[in-house]
Amino acid sequence: DHLQNIYDLILNQYNSVPDVQSAGFHCCFFFRLSCCGLSERSCGALSSVLSSQSSSLTHLDLSNNELQDSGVKRLSLGLESPHCKLEALSLSGCLVSEEGCASLVSAVRSKSSHLRELDLSYNHPGDSGVKELSAAVEDPHCSLETLRYGHTAGAPHGLYFSQLQLDENSMSRKLKLSNNNRKVTRVEEEQPYPHHPHRFDYWPQLLCRNDLSGRCYWEVEWSGMVSISVSYRGIRRKGDSDECWFGGNHQSWSLRCWNGRFSVCHNDRETPLSSSSSSSSSGRVAVYVDCPAGSLSFFRVSSDSLILLYTFNTTFTQPLCAGFTLWRPGCSVGLCPLSEGRLCL
């Protein structure tokens, strides 16, 4: 039957029975298939499930799968079926653009639609997609009541988690590594590191070894006064000019954290952000970058939730990497492993 077809399809792609079961596949009303590596072909099978007379599915979470517009088009065919009972659909982080939104508009405006909630956060619906779907929300003849878009819902965590590695060759002599090279601390005495052309010789900062491409997500624990940054790898390393420190030039984008306060800086222009309710000298920050889309978002991590601090929108023209500045002795930054990060919501 249709349920068995998509079950087999997901098993072939995901190759893990326990993971599929934990995603809620066997639940009759709610499927949670976030971060399952689904594709356009998966959407064809799901569309068949939605249009089946025997389907009782009301909630479907497909977030953080690379469905793209072609997959959403196939899924929309099932949404338009008079047998479809779906009330809530999450497509957060599914590479949906204006073209895919046009198919969704047609589906939610169909007379048989029961869809009340649609999550399109972390996609690129464009002005026309947002306008048409928002109009559907306002239409009393349309069932759609809630539309989420932009970068305000949950970030696509586990799917794009990046296992960063600190680059010792770029590290200032004012910094010292610990915790299996996953934590860096600002120290009083300069360290006897050998000369290296990639080493920052004035500013107390370092880069990571990894080049960032596609979509990337990571979290860091910070203490004291630090800057958490994304930079072109070609940033200058020698001297004390603005061309060398993260946020002081057109090659880097930075979030500064201290005493529960935050600011962002790019091209030597600093923008203060609203403070947290706590004046704590430490905390956790999450970073999400979508390189092709030119989007860089910083979040404050609070308990099990992410609070968006700021999003840069630009065009990245060179290879990117993560970097950190530790402004005062005793300050530290530590890379968080995936097990401590927020997994797929």
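Its first residue numbered 474, the sequence shown is counted upward by one per residue in this note's numbering.
Ideal Cβ placement from N, Cα and C applies to all residues, glycine included.
All values derive from a computational prediction rather than experimental measurement.
Quick check on this structure: which residue in the options has the alpha carbon closest to the alpha carbon of residue i?
i: Gly796; options: Glu605, Val522, Asn652 and Cys717; result: Cys717
i: His669; options: Asp542, Gln678 and Asn642; result: Asn642
i: Gly807; options: Ser768, Ser696, Ser702 and Pro792; result: Ser696
i: Trp800; options: Met698, Asn786 and Ser725; result: Met698
i: Glu605; options: Ser576, Lys584 and Leu564; result: Ser576
i: Thr619; options: Val603, Tyr633 and Gly720; result: Val603
i: Ser607; options: Val578, Ser635 and Ser527; result: Val578
Assign residue i to one of two classes, buried (16 or more other C-beta atoms within 10 Å of its C-beta) or exposed (fewer than that).
i: Asp612; result: exposed
i: Pro555; result: exposed
i: Asp600; result: exposed
i: Ser773; result: Note on identity: in this sequence residue 773 is Arg, with Ser being the wrong assignment. It counts as buried.
i: Ala496; result: For Ala496, the pLDDT reaches just 40, beneath the cut-off of 50, and the residue's location in the model is therefore unreliable, although a value from the coordinates is still provided. So Ala496 counts as buried.
i: Lys546; result: buried
i: Gln724; result: buried
i: Asp763; result: buried
i: Arg742; result: exposed
i: Leu623; result: The sequence shown places Gly at residue 623, not Leu. So Gly623 counts as exposed.
i: Asp592; result: buried
i: Thr798; result: buried
i: Glu776; result: In the sequence as presented, Glu is not what sits at residue 776; that position holds Ser. Exposed, because fewer than 16 other Cβ atoms sit within 10 Å of the Cβ of Ser776.
i: Gly721; result: buried
i: Gln678; result: buried
i: Pro491; result: Caution applies to Pro491, whose pLDDT of 35 falls short of 50 and renders its modelled position unreliable; the model cannot decide the point.
i: Pro810; result: exposed
So the beta strand (DSSP E) residue i belongs to, where does it begin and stop?
i: Asp600; result: Unbroken run through Asp600 is the alpha helix (DSSP H), Gly599 to Glu611; no beta strand (DSSP E).
i: Cys738; result: Arg734 to His739
i: Cys689; result: Arg688 to Ser696
i: Ser521; result: Not the beta strand (DSSP E): Ser521 falls in the alpha helix (DSSP H), residues Glu513 to Leu523.
i: Ser727; result: Ser725 to Trp731
i: Gly796; result: Leu793 to Leu799
i: Lys649; result: Leu648 to Ser651
i: Pro745; result: Arg742 to Leu746
i: Leu639; result: Run containing Leu639: none; DSSP gives neither H nor E here.
i: Ser768; result: Ser768 to Ser775
i: Asp763; result: Ser755 to Asp763
i: Gly510; result: Where Gly510 is concerned, there is no enclosing beta strand (DSSP E), given that its DSSP letter is neither H nor E.
i: Gly807; result: Ser805 to Leu808
i: Gln664; result: Gln664 -> no beta strand (DSSP E), and no H or E assigned at all.
i: Lys656; result: Lys656 to Arg659
i: Arg621; result: Thr619 to Arg621
i: Gln678; result: Gln678 to Leu680
i: Phe503; result: Phe503 to Arg505
What distance in whole Å lies between the Cβ atoms of residue j and residue i, which are believed to be in contact at a cut-off of 8 Å?
i: Leu650; j: Val657; result: 6 Å
i: Phe504; j: Leu523; result: Contact doesn't hold; Cβ gap of about 10 Å is too wide.
i: Leu637; j: Cys681; result: 5 Å
i: Ala759; j: Leu779; result: 6 Å
i: Leu793; j: Tyr690; result: About 13 Å separates the two Cβ atoms, so there is no contact after all.
Is the Cβ of residue i closer than 8 Å to any Cβ of chain C?
i: Met698; result: In the structure shown, chain C cannot be found, because there is only a single protein chain.
Unbroken stretches of the beta strand (DSSP E), 3 residues or longer, contained in the segment 530 to 594: 532 to 534, 561 to 563 and 590 to 592
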